[in-house]
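Residues 1 to 65 (UniProt numbering) make up the sequence shown, in order. C-beta atoms are modelled at their ideal positions from N, C-alpha and C, and glycine is treated no differently. Bear in mind that the values here come from a model prediction, so they are computed numbers and not experimental data. See below for the structure under consideration.
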Amino acid sequence: MQQFTVQGMTCGHCVRAVTQAITAQDPAAQVQIDLAVGKVEIDSNLPPERIVQLISEEGYSATPA
């Protein structure tokens with residue numbers, strides 16, 4: 001399980017955008033997002049750098065937690 005702190009997510013659309021960005025690259029990925037604290041937990045074989053890149057491409061700032 002990888003954890004990231006993501007800034008800029010404010011609504012359900014943000015959650016869907018991040019989730020879809022990850023699952024488009026790894027359909028088996030499990031994504032859990034705590035919108036209130038900006039925490040994203042991802043169970044995926046993608047490297048952390050790729051996950052940060054995917055989240056950034058959606059317009060959010062992500063750092064490994």
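Rounded separation between residue i and residue j - CA only
{"i": "PRO48", "j": "ALA36", "result": "22 Å"}
{"i": "ILE33", "j": "LEU54", "result": "15 Å"}
{"i": "THR10", "j": "ARG16", "result": "11 Å"}
Cβ pair residue i, residue j closer than 9 Å
{"i": "ALA65", "j": "ILE51", "result": "no"}
{"i": "residue 68", "j": "ALA21", "result": "The shown model of the chain, from 1 to 65, leaves out residue 68, and the question about it has no answer."}
{"i": "GLN2", "j": "GLU57", "result": "no"}
Cross-strand partners of residue i (DSSP beta bridge)
{"i": "SER61", "result": "GLN7"}
Classification of residue i by the beta-carbon crowding that lies within 10 angstroms, buried from 16 upward
{"i": "GLY8", "result": "exposed"}
{"i": "GLY59", "result": "exposed"}
{"i": "GLY12", "result": "exposed"}
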